[in-house]
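Engineer: Provided herewith is a single structure, encoded as structure tokens, for subsequent inquiry.
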Amino acid sequence: MKGTNMLTDSDLQAIGLTVRLAGVVTMILLLFGTPIAWWLARAKTSWKGPIGAVVALPLVLPPSVLGFYLLLAMGPHGPVGHLTRTLGIEPLPFTFRGLVLASAFYSLPFMVQPLQTAFEAVGDRPLEVAATLRASPLDAFFTVAAPLAAPGFLTASILTFAHTIGEFGVVLMIGGNLPGVTRVASVQIYDHVEALEYTQAHRLSAVMLIFSFLTLLALYAWRPNPKNGG
Amino acid sequence: MKGTNMLTDSDLQAIGLTVRLAGVVTMILLLFGTPIAWWLARAKTSWKGPIGAVVALPLVLPPSVLGFYLLLAMGPHGPVGHLTRTLGIEPLPFTFRGLVLASAFYSLPFMVQPLQTAFEAVGDRPLEVAATLRASPLDAFFTVAAPLAAPGFLTASILTFAHTIGEFGVVLMIGGNLPGVTRVASVQIYDHVEALEYTQAHRLSAVMLIFSFLTLLALYAWRPNPKNGG
Amino acid sequence: MAAIDAHFRRDWPGFSLDVDLHLPGRGVTALFGHSGSGKSTLLRCIAGLERAPQGRLAVDSEVWQDAGRWVPTHRRPIGYVFQEASLFAHLSVMGNLRYGMKRVSDAQLVSLDHAIELLGLGHLLDRKPDRLSGGERQRVAIGRALLTQPKLLLMDEPLSALDRGAKAEILPFIEKLRDHFALPIIYISHDLAEVERLADHVVLIDQGRVVGAGPLADVQSDPASPLARSREAAVSLRGVVEAIDATFGLIAVAVAGGRLLAPAPAASVGEARRVHILASAVSLAREKPGRSSILNVLPARVVAMNPLDAVEVVAAVALGEDGEGARLLARMTRKSWEELGLAPGQNVYAQVKSVSLDAGRAEGAKN
Amino acid sequence: MAAIDAHFRRDWPGFSLDVDLHLPGRGVTALFGHSGSGKSTLLRCIAGLERAPQGRLAVDSEVWQDAGRWVPTHRRPIGYVFQEASLFAHLSVMGNLRYGMKRVSDAQLVSLDHAIELLGLGHLLDRKPDRLSGGERQRVAIGRALLTQPKLLLMDEPLSALDRGAKAEILPFIEKLRDHFALPIIYISHDLAEVERLADHVVLIDQGRVVGAGPLADVQSDPASPLARSREAAVSLRGVVEAIDATFGLIAVAVAGGRLLAPAPAASVGEARRVHILASAVSLAREKPGRSSILNVLPARVVAMNPLDAVEVVAAVALGEDGEGARLLARMTRKSWEELGLAPGQNVYAQVKSVSLDAGRAEGAKN
Amino acid sequence: EKVTVAAAADLKFAMDEIVAAFKKANPADEVEVVYGSSGKFNTQIQQGAPYDLFFSADIAFPRALAKAGLAASEVKPYASGRIVLWSANLDATKMTLASLADPTITRIAIANPQHAPYGRRAEESLRAAGLWEKVESKLVYGENIAQTAQYIQTGNAQVGIIALSLAVNPELASKGGYWLIPDKLHAPLEQGYVITKRAEGNALAHRFADYMGSPPARAVMTRYGFVLPGEIAGN
Ligand SMILES: Nc1ncnc2c1ncn2[C@@H]1O[C@H](COP(=O)(O)OP(=O)(O)OP(=O)(O)O)[C@@H](O)[C@H]1O
Ligand SMILES: Nc1ncnc2c1ncn2[C@@H]1O[C@H](COP(=O)(O)OP(=O)(O)OP(=O)(O)O)[C@@H](O)[C@H]1O
Ligand SMILES: [Mg+2]
Ligand SMILES: [Mg+2]
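Okay, here's the thing in structure tokens:
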């Protein structure tokens, strides 16, 4: 570990990895959480309740315990492990992809819940109007519902991104703390604290806080509000 | 630890403590998070951005690191510790009150963010109407804005409640794992896993999952939607 | 063009719709009825926004709804102006206007520039809807619907938030759509003057049921119809321009059984035009009246009378000394009716104080 | 009651408001102007929903806004009917109606039961707003505003979504509020008939500025005013009931310079009533016309003429052979004007085809 | 060649120094060390974690791995841990376990005996000294030995029982002294390592394991408060 002035190389590596992880997870959840939230917001079936509850469930288990179960599932004897083996894919634990999957699983409710609320707030009328203007349901979703739910997307993304940055219980368990592969900043800070390297921990925490603060600030500055004209 | 059929007494104690903690934290955050969210949703000042970002910041630190900093702050040499000493209050670490405070701090964004979005979606008009109907701003908040933002309150409460149930990094650090005082279910499950007591861990996890599932299901069933007539 | 066949039946709590309609596939059909009678609901069923389970809907011989068939709203070539403007809050005025336009291939009816000019939206194009006045919003909603180049236009009180000036500009345009482009329009309005000016066909709705339907002239000239009972009761007659008086900007229009002078800045001889005559503009005399500022005095015969209330009556007269011509309504006090000794079958002189004309050609011109 | 003094100046992007108004503290003041002219904005300023920095507003000698003073909206004793109904989506119709009512101490103006009956809301009380028709929503909004027992009523096109029947029921009630309770009302409407029926005072607004203001009769009878140029142009005259013809449900009303027969089921001799006469209902003749269904023929003198367009003109005549009486407007073709050889100063006979009366007492009755 | 070493958190300082020395001697070799909880490593290795060597804080874990057939070598002890009484604001050098019963002491931190080896030894010592009942109500439990040290260091617990290897760490040594708890009061805290199955053919793994037994490495270990196999620590 050669020291830079402020942060060690491995700190920097961890920060890079963190931002990548949080970014990828947020993207993936935008992709997969949005249809779930949309369905939950608009479906009239009574399946809605149970499925909505299931989506929120990962939250209630302690992260490292969830990580433990995910590890069992993804490990060579678990169902996901069987699947990856059958498909001839590298096993997921201790890889970046495994980390992404686990984090996505854990952060799903942070994406789905705010989006669902936002979609519900859009109401039926704009979609009816869009239909009379020849927009197919998918078209209307992208051009009407999504823009009107923009603040919900922002909230959901902030919560998901920040939570993925801060989360380390699942990450530590699934990732195995491998430098450059799965050692994200939260794990690195944790390690520093555990090793009583407080100066290092303070520095890295400060960097993460400042970075996050600036990111959030930028998001807020640009915060969309479709109801106000700007 | 005398065993019952399924769970040990200490498991049951932990569950009770968990539900109490999550309930109290959710209550407290409803009380304190609501005005913050309201202010963030309606203020026109440019302070809004920074303050909004600050509220989300606790999320980005790993829980146990955050716990460490909170421990410093609440300890005899920290500012909160000084305060409690000056006020003649028992120091907060290793107490249920300390746990509540720390969890509230950590879960604040889960309350504030969805509420803020929900309040923004309410818009100006209903409040204007309320004012012409003689409702003072406070009155209008309770009788118009809050009911219209009901789905936001539900989302915020679910996220806060579930997150408080699942969180254990901060709790472990601040609470000192004291049975009946600060050993909540998440810590208990964690301890079981760490002690390789997998059967116990599985059982307790299953109980927590089922309990949470039923709670969430009940919330969903009753999910308010002020836009639809029911 | 063929006709619109609509059959819908559905119960909501507190309201049920049960209509079976056969509407002409061209011209303007006005839906008329009390607040809460089900006009908007019917329009929503036609647009496919509301689904009546055992409904059937065929437009222009295309089936949009039937036991085995359901064309979703976005595939129905309609334009819909909602009762509340319902603009997209996240789009500017321009964005709203272009939303539907971008989604259809060609602009046969209306061009963007034309719509903007007609609706007076030029200075508002960059505004967001929350910064528009009520009337401005409604104008944008009309433009947005027209720019989808619909084959059937559904309008739910499109002009109710507009001032006279704006109405006076938009109404001729709707007439033009109806006539030049043979665009069928289903039109809800509480403004009888609008209905009488635009409609070819009227459907009277009450409590979710059709209580009367027919060509405007028939519905209007029946003194017992609800249309005849209002302050704006009127008849609309088909006429042909016979002569033009350029000096005074007047034209002479021949209608069945008579000839009327009417203000019409632009017209050409032989053209078919629609003529509107308010019941309140028609007075009756037993003897031929002397000269006054009333230009039109025509012989006619009383055919029917209906009391409006304790004080007033509405009489229907047929033009011509033989009473075979077009029918007019005349509103008067019961006192006048009795003191003049009027009765069905009697010959009278109808003084028509004012006559108004459609801006475009009457639909008859196409035949 | 004193008057309303309002001075507001504020710029928005694309629009600026600059008004300085002195309105009578009683009766109905109509705000009249094109779509987007600033009527709603002015009303919002009066309600305290919009804040013009250097504004000043005093109502009934209480200062609501001034350099050092700002009474927030919820402390202003107003009732506001918004242009869009804006019901509370989470409350039932009953909840909406009771919302404001619960927040005021006593019900001097309107009781809940009365409002429900008058507005025909009885069968809707448990409904949520999203299950109401457009007109139903608007009726709830009117009821909700009235039930706050306001001292000043602000109404932004309250009746525009309503059918004739509903209007005919609600208008007399608004008249009653105006007259019996001396409740000042500021009223926006595009419907001239409504304005002429209700208003005592008219303010003409264009592009955020006041371009004309005055008592209704003055603004109406000026042939150059925008009110006179519309199809519904009319005058409103003060009259006193002189005789009653119970057989035909007619009354004789004396107005300055003449006497009119008008339908009025209920009236008593000596009562003051307001009389409305449409410009389109008045025709002029040089010689006394023969008997016809037109009841009212009065000597008058032409005082002014204004061309409406290339074809039509509006003439103002003063009743009485001396031309000193009340003024009427008469609309006719230019051809008639010229062929009859009419000119200001000439004596004529005005034939008034129909006359309508206020339901309540004219405000003069209180003097 | 490259190895990844999973090492118990309490080895951090010693191991960093040993690895540095090893690299100096073998510049071509790459040795990556990951520190963490031994229990977690145990679980992870069972699920195929890419660790070549596992230095556990408790020899039970590598033994379990060997039993499961996941080891490529014998389980070898490399050190035993010692526990000490340590405080940041009291002078621990003048204390004994008996001092913990003093009513002025209200909070005592130990690692969680349920799963942390150091915690289990702390409990054994307290029981052996007959103090358990007297102090149990004052105890707070750290998740691991580092967190236990933090409770004491931040003053939230006045005193506690931590690993000797932590007490000699400069961060803590500067804050207060320690009192070594006699090792006869608790079972030996035997620490062992194993080469995992995946490193079976990895020569570097074997060389590094051998290096741990070499005198320079042993010197470092001793300096950081570990008692080496075959040695007896003096009190
Ligand atoms: N929030 C706003 N910001 C800027 N301009 C606005 C805003 N609201 C309205 N306007 C503009 O101010 C002008 C006046 O609007 P206002 O709503 O007062 O008109 P109005 O006279 O009530 O018209 P209408 O009869 O169509 O309701 C319009 O040109 C409108 O575009
Ligand atoms: N979603 C709904 N569920 C149940 N009833 C409804 C719903 N929407 C409207 N209604 C009721 O159906 C009836 C017809 O409503 P509709 O909107 O069609 O009336 P309308 O003729 O358009 O009236 P208006 O002229 O007031 O707009 C009303 O009594 C209304 O209360
Ligand atoms: Mg409707
Ligand atoms: Mg307006």
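Protein chains in written order, with the numbering used here: chain A, 4 to 233; chain B, 4 to 233; chain C, 2 to 368; chain D, 2 to 368; chain E, 8 to 242. For glycine and all other residues, C-beta sits at the position ideal for the given N, C-alpha and C. These numbers were taken from a predicted model, which means no experiment stands behind them.
Skipping 5 residues on each side, what residues in its chain have a beta carbon closer than 6 Å to that of Q221(D)?
Structural biologist: L228, V236
Engineer: Pull up the distance between the alpha-carbon of K5(B) and that of S215(B), whole angstroms please.
Structural biologist: Because K5(B) carries a pLDDT of 41, less than 50, the predicted location of this residue cannot be relied on, and the following value inherits that uncertainty. About 25 Å.
Engineer: By Cβ distance below 8 Å, which residues in the same chain neighbour R362(D) in space, the five residues on each side in sequence not counted?
Structural biologist: Note that R362(D) has pLDDT 42, beneath the 50 cutoff, so the model's placement of it is unreliable and the number below is only indicative. Within the same chain, R362(D) has close Cβ partners D180, E272, A273, R274.
Engineer: Tell me the start and end of each unbroken alpha helix (DSSP H) in the region 70-114 of chain B that is at least 4 residues and wholly inside, in chain order.
Structural biologist: If we require 4 residues or more, the alpha helix (DSSP H) runs fully inside the region 70-114 of chain B come out as 82-89.
Engineer: Any idea which residues DSSP pairs D67(C) with across the strands?
Structural biologist: Its beta-bridge partners are R70(C).
Engineer: Verify the CB distance criterion: does V38(E) have a CB-CB separation below 7 Å to chain B?
Structural biologist: no
Engineer: Check the DSSP bridge columns for P300(C) and list the partner residues they point to.
Structural biologist: Y350(C)
Engineer: Should the region 293-306 of chain D be called in touch with the region 344-356 of chain D, which here means at least 3 C-beta pairs below 8 Å?
Structural biologist: With the cut-off at 8 Å, the region 293-306 of chain D and the region 344-356 of chain D touch.
Engineer: Within 7 Å of any Cβ in chain A, is that where the Cβ of N242(E) sits?
Structural biologist: Summary for N242(E): the model assigns pLDDT 42, below 50, so the residue's position carries little reliability; its value from the coordinates is reported in the next sentence. It does not; no Cβ of chain A falls within 7 Å.
Engineer: In angstroms, rounded to a whole number, what distance separates the CA positions of V254(C) and K289(C)?
Structural biologist: 21 Å
Engineer: Start and end of the beta strand (DSSP E) containing K244(E)?
Structural biologist: Because chain E in this structure spans residues 8 to 242, residue 244(E) falls outside the shown range and cannot be described.
Engineer: Taking S134(C) as the query, report the chain D residues whose CB atoms sit under 7 Å from its CB, ordered along the chain.
Structural biologist: S36, G37, S41
Engineer: If you count every other CB in all the chains shown that lies within 10 Å of the CB of Q55(C), and 16 or more means buried, which is it?
Structural biologist: exposed
Engineer: Is DSSP giving R11(D) helix, strand or coil here?
Structural biologist: strand
Engineer: Is the separation between the beta-carbon of L74(A) and that of Q53(E) shorter than 7 Å?
Structural biologist: no
Engineer: Using three-state DSSP, classify S237(C) as helix, strand or coil.
Structural biologist: strand
Engineer: Using the rule of at least 16 other Cβ atoms within 10 Å of the residue's Cβ for burial, across every protein chain shown, is Q198(E) buried or exposed?
Structural biologist: Q198(E) is classed as buried because its beta carbon has at least 16 other beta carbons within 10 Å across all chains shown.
Engineer: Of all the options P195(E), I159(E), L192(E), which has the alpha carbon lying nearest to the alpha carbon of Y185(E)?
Structural biologist: I159(E)
Engineer: Rounded to a whole number of angstroms, what is the C-alpha to C-alpha distance between S38(C) and L32(C)?
Structural biologist: Note on geometry: alpha-carbon atoms of S38(C) and L32(C) lie some 10 Å from one another.
Engineer: Run through chain B and tell me which residues come within less than 7 Å of Y81(D), C-beta to C-beta.
Structural biologist: T135
Engineer: Would the beta-carbon of K168(D) fall within 7 Å of that of L155(D)?
Structural biologist: no
Engineer: Any idea if E364(D) is buried or exposed, counting beta-carbon neighbours within 10 angstroms, 16 or more meaning buried?
Structural biologist: With a pLDDT of only 38 at E364(D), under 50, the local geometry of the prediction cannot be trusted, and no value is derived from it.
Engineer: Comparing C-alpha positions only, which one of A108(E), N151(E), G220(E), A153(E) sits nearest to R134(E)?
Structural biologist: A108(E)
Engineer: What residues in the region 102-132 of chain A have a beta carbon less than 7 Å from any beta carbon of chain C?
Structural biologist: R128, P129, E131, V132
Engineer: Count the other CB atoms within 10 Å of the CB of P224(D); is the residue buried (16 or more) or exposed (fewer)?
Structural biologist: buried
Engineer: Determine, using beta carbons only, whether A6(E) and Y125(E) come nearer to each other than 7 Å.
Structural biologist: No answer is possible for residue 6(E): it lies beyond the span of chain E, which begins at 8 and ends at 242.
Engineer: For the pair the region 159-179 of chain B and the region 65-74 of chain B, tell me if three or more CB-CB distances fall below 8 Å.
Structural biologist: The region 159-179 of chain B is in contact with the region 65-74 of chain B.
Engineer: Would you check if the distance between the CB atom of D192(C) and the CB atom of L217(C) is smaller than 7 Å?
Structural biologist: no
Engineer: Let me see if you follow: with CB-CB separation under 7 Å, is G78(B) close to chain E or not?
Structural biologist: yes
Engineer: Under 7 Å, Cβ to Cβ, is there at least one residue of chain A near A363(C)?
Structural biologist: For A363(C), the pLDDT reaches just 39, beneath the cut-off of 50, and the residue's location in the model is therefore unreliable, leaving the point undetermined.
Engineer: Suppose contacts are defined by Cβ-Cβ distances below 7 Å. Is L136(A) in contact with Y188(C) by that definition?
Structural biologist: no
Engineer: Does the separation of the CB atoms of A280(D) and G250(C) fall below 7 Å?
Structural biologist: no
Engineer: Is there a Cβ from chain B that is less than 7 Å from the Cβ of T111(E)?
Structural biologist: no
Engineer: By how many angstroms is the C-alpha of A351(D) removed from the C-alpha of G326(D)?
Structural biologist: 13 Å
Engineer: Can you have a look at H80(B) and say buried or exposed, based on whether 16 or more other CB atoms are within 10 angstroms of its CB?
Structural biologist: exposed
Engineer: Using a beta-carbon distance below 7 Å, is M2(D) in contact with chain B?
Structural biologist: Caution applies to M2(D), whose pLDDT of 44 falls short of 50 and renders its modelled position unreliable; the value that the coordinates give is listed next. No, because no Cβ of chain B sits closer than 7 Å to the Cβ of M2(D).
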